[in-house]
Every structure is written in structure tokens, then in C-alpha cells.
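Heads up: the structure comes next, in C-alpha cells.
Protein chains: 4
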Amino acid sequence: MFFNINQTNGVPVYEQISRQIAFAIASEGIAVGELVPSVRNLSRDLAVNPNTVARAYRQLQDEGILASVRGEGLLVTPTAVKQCKVLRKQLLSERMLQVMEEARQSHLSDDEVAKMVSKCLQKSKTSFAKNRSSL
Amino acid sequence: MFFNINQTNGVPVYEQISRQIAFAIASEGIAVGELVPSVRNLSRDLAVNPNTVARAYRQLQDEGILASVRGEGLLVTPTAVKQCKVLRKQLLSERMLQVMEEARQSHLSDDEVAKMVSKCLQKSKTSFAKNRSSL
Amino acid sequence: MFFNINQTNGVPVYEQISRQIAFAIASEGIAVGELVPSVRNLSRDLAVNPNTVARAYRQLQDEGILASVRGEGLLVTPTAVKQCKVLRKQLLSERMLQVMEEARQSHLSDDEVAKMVSKCLQKSKTSFAKNRSSL
Amino acid sequence: MFFNINQTNGVPVYEQISRQIAFAIASEGIAVGELVPSVRNLSRDLAVNPNTVARAYRQLQDEGILASVRGEGLLVTPTAVKQCKVLRKQLLSERMLQVMEEARQSHLSDDEVAKMVSKCLQKSKTSFAKNRSSL
DNA sequence: GTGGTCTAGACCACC
DNA sequence: GTGGTCTAGACCACG
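Chains as they are written, first to last, in my numbering: chain B, 1 to 135; chain V, 136 to 270; chain Z, 271 to 405; chain Y, 406 to 540.
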């Protein structure tokens, strides 16, 4: 599993965590019935406070994506994959739409917007490939 | 001028304002040498606390985009258009890249990402047209 | 408003708080559109940590019962009364049923259970009256 | 003997066990001098960690309700029935009173509370009958 | 070892 | 002043 926490982009850390966990479940990087990393381990790996991880996990529990097993840990519920796939699409397209609308408001021409989009798409592809190969 | 303030999307209101002022300047919706709306008026129009507008203006002054004229108000500096055009590109592509990278991280396929992008682009176009016509 | 926090009965404090806020809304002790007590004030009054109150409030926000207004506080949403009335019935009857089932399991006779119930009902009535008059 | 363990209602499992053992003794479902089920057997039957059963038994030993016989197991002490009857009444009426007080605090009218009580009583009766017949 | 709750206190953003 | 986030660390319950 690979996490990418950015402490300075304004997005709450707990939100980044819960989101990335959900994405991992959606893409079946974490299987149903499996335990997610323990609060303590993950907090150590990400160098964040355990409470922050706990909050992310609590959020996922509230959504029925994780369930706690006493003394064991938190496991992925049977319905989680479906939920996470929906969630992923929602979250991403929500943000994407926001950006696109801001682009429109900026009075850039259609062409310029389109150009910027394809540039960013391309850039993200290469940066993603780079991160991937560095694992 | 048309502003689009969203009180609930997490983006600070003062930043939405300063950004949209800057975009308006970039697209020459507000001309160099012209006065921007007074804090009082704008805050009334946007149904926002005057301090919030004042803060947005202060930020633009700090960046040299606006300058105060005693007893008159705030006017757009000669260098503002250039600065705002740069700023606009920076801000937009920064956010756009962020979103695209998140899309990559979500393990959606290139196709799915591309489809989502074009959908959002399209959607933003229509919603923008709608808002525009309703002015 | 009167709160009754019990630090030692096993029920999480944040849960007691959110529940009692919800009950207050259900009985219209706090009106729609009104602000609930500030985190800092309530935490001081109840002698609990502000984070504990914040957690209770966050839970109510997640349920759509409260909504935050930046720089102002948290207010009761228009749909809250309805939701809280439903919630109240749910929470109470859930607990009540649990107790009744435990009573059954204890192999007490119907008569003995009924007697115990009416005794407790009576007792709660007088204790409630007492608390009420002592306000 | 029939146990009814609920892993998810917040009540510690070991307490559910010790309580139900005590109730069984109170109603003479387990006779004085008899051995209670072995930790190993009971933990298997209840699908619970042996430590959890051991803890429940330890608690009952501490209260003098069970006593260990080397090489044999744990037996019900002569004073147990009396103690358990007292305990049962205490535990049940304590919880029941708690619920009733919460009902009062919720500002439901006497009538509504009474209605809810009788409903739950009824419901518990039928659910108990059902469980009983399914043994 | 696991998660859950709570405290104390810092810092930020907004009004 | 308001809520929101995060850290640090304690204690509990459970396995």
C-alpha cells in the first residue's frame, strides 16, 4: 500500500487517509474481510498522530466500510467494495467539476482550458509512473 | 461582475473573493486604474462579513495588484493584469494537477479518468452558460 | 437546559452529550435556527474537555442535525426536529428493549418483571420531579 | 444452558457471560455444588476467546459465587444462589432505572413513556418465547 | 497486541 | 469570539 499524505495542502490529514483507504478498497488493494493496518502502525508509517488515523478509521466505520473486531482490529466489510467504488467516483468528479467550474469562471477560452487539462493529465501520468516505479 | 461564493466547500471565503477579483482583472473585466467595489458594497452584495472582503483586498494589496487611494478606494495597479494572468494560470493548473494526481492514485484506468474529465468539462460548460445567461 | 453527565456509567460522555442535545431539540428546548451552546462554554459547564463536546457536535453534524456557520457557531437545521424525534424514539426503545430482554433472560417471572418495571417507572418519576424542582 | 452473547452492543463480553451465569444460578438453572462448563468448552460454544470466559469466571470467584476445585473445575458455592438472586435484582433494576430516567429526561410525556414500556415488555416476551422454542 | 475514550493544549481560519 | 485540526499522552477493555 502506498499513501501520499500532504500536510500542507489544506485538505485535512484524516480526510486524505480515509479517502486513500477507500480508494484502496475500491481497487481491491485491500480485500474484503482483511484487516486494515493498525492505528498505531499506520500512524507510525505516515508520521501522524494515532488520533488522526483513528479519526479517519472512525469515519469509515460510520459509513459502514470498516467494522471493528474487538481485540483484533478493523476489517473491511462485505459491502465496502461497492460503497467505495461509488464513493471514489463521487469524490473525484466532485473535485474535478469544482476545478473545471473555476476554470470557466476565470474567463479562459475553451481552448486554453482544454490545453491546461490535457497538460495536467499528461503531467499526472508521468508523475504517477515515476512514483510507481520508485516503489 | 459576477461572483460565485460558496460558503460550504471548505475554500476560505476571502480567498474565493480575492481569486475571483484577480481573475476578473486578468480577463480585463475590471480595467487598470478603475476602482474595485467598496468593501461595504461588495460585502452587502455577497452577503458576507465586511472583514472578509477587507481581508481579500488586503491580500491583493500585499501582492501589488490593488493600491489604495486615500479617500477614493482601491484601484487596479498598472502591473496587475500581467500578474493576474500569471496567477490565474498558476492557481488553476495547481489545483487541476492535484485533482488529476488524485485520480491516478485512485487506480482508475486511463480511460475512466479521461471519461470523467470530459464529462466534467462538458458539465462545467453548460452550468457556466446557464449562470451567465441568468445574470 | 439541563444536562446530566455521568462519567462512570460506561456510556461515552460524547454520546451522552449528543443524545441529550438531540432530545432537547426533539422537545424543542432548543429551537430550529438557534445556536447550540458553544463548544467552549458547554465544556466548561459540564466540566469535560472541549474535544469531547466537539465530538458530540461533530456526530450531530454528520447526522445533519447541526450545521456550522463559520465564525458564528453551530445551529439547529430545519430538519432537525423531525430527525431528533425519530432518533429519540429509536434510542430509547432500543435500550428499553435490551433491558427487558435481559430481564426475561434472568428467568424472573412475568409478575416480578412487571413489578420491577412499575417500581422503576415510579422511582424515575419522583427523581425527575425532584431534579426539576431543584433547578 | 442458553447464552445470548452480543459482541456489538458495547457491553463487555466477559460481563455478559458472568451476568448470565449468575442469573442461571439465581434461577437454579445451575445447581449448588455443580460444576460450571469448562473455560475451554464454553469459549468454544460461545465462539469467544478463552481469556474472556476465564475473566468472567475469575470475577465470579472473586465474588465468592464460584470456587475452584483442583483438577476438577469450578463449582457453585453454597451461598451462591442467595448472592445471585440479590445480584440479579440489583443489576436489572439499576439498568432499568437508568433507562427510565433517560426516558424522563427526553421530555416524552408520561403516556408516551408508559406506552413505550408496555410495547417493549410485550416485544421482549415474544422474542424470548421464540428463542426458547428454538433451542 | 488491538481499538476506544478522554484530557490538555497548540494553532489555524473565520467573523 | 467561533469551530476545526492536530499532537501528545494517559487509561481502559478486550484478546
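The C-beta atom is built at its ideal place from N, Cα and C for all residues, glycine as well.
Computed from a predicted structure; not experimentally measured.
query	result
CB-CB length for residue 369 of chain Z against residue 501 of chain Y, believed under 8 Å	5 Å
Residues bridged to residue 174 of chain V (per DSSP)	Residue 174 of chain V pairs with nothing; no bridge assigned.
Among B:63, B:44, B:69, nearest to residue 22 of chain B - alpha-carbon criterion	B:63
Contacts around residue 419 of chain Y, its chain only, beta-carbon distance under 6 Å, and the 5 residues preceding and following it disregarded	457, 460, 461
Residues from the segment 102-130 of chain B in contact with chain V, defined by Cβ distance under 8 Å	102, 103, 104, 105, 106, 107, 108, 110, 113, 114, 116, 117, 119, 120, 121, 123, 124, 125, 127, 128
Sufficient close CB pairs (3 or more, under 8 Å) joining the segment 428-437 of chain Y to the segment 384-395 of chain Z	no
Short CB-CB distance (under 7 Å) between residue 3 of chain B and chain V	no
Every unbroken beta strand (DSSP E) within the segment 17-81 of chain B, with a cutoff of 3 residues, ordered by chain	66-69, 73-76
Proximity test, Cβ basis, 7 Å: residue 227 of chain V and chain B	yes
Cβ of residue 230 of chain V within 7 Å of any chain B Cβ	yes
Among V:205, V:200, V:218, nearest to residue 211 of chain V - alpha-carbon criterion	V:200
Chain-ordered chain B contacts of residue 178 of chain V [CB-CB under 8 Å]	Under the 8 Å cutoff, chain B gives no residues; its nearest Cβ is about 20 Å from residue 178 of chain V.
Nearest-angstrom Cα separation, counted from residue 238 of chain V out to residue 122 of chain B	12 Å
Contacts around residue 49 of chain B, its chain only, beta-carbon distance under 7 Å, and the 5 residues preceding and following it disregarded	43
Local Cβ density within 10 Å of residue 431 of chain Y, reported as buried at 16 or more and exposed below that	buried
With 16 other Cβ atoms within 10 Å as the buried cut-off, status of residue 40 of chain B	exposed
Reference residue 378 of chain Z, options Y:514, Y:498, Y:517, Y:422, closest by Cα	Y:498
Residue 218 of chain V versus residue 195 of chain V: straight-line alpha-carbon distance, rounded	11 Å
Chain-order list of residues whose beta-carbon lies under 6 Å from that of residue 357 of chain Z (same chain, five-residue window excluded)	292
Residue 502 of chain Y - DSSP class collapsed to helix/strand/coil	helix
Exposure label - residue 477 of chain Y; buried when at least 16 CB within 10 Å	exposed
Interface flag, residue 432 of chain Y vs chain Z, CB-CB below 7 Å	yes
Burial state of residue 68 of chain B, where buried means 16 or more other Cβ atoms lie within 10 Å	exposed
Nonlocal neighbours in the same chain, by C-beta distance under 7 Å from residue 355 of chain Z, ignoring five residues either side	296
Per-residue DSSP class, three states only, for residue 392 of chain Z	helix
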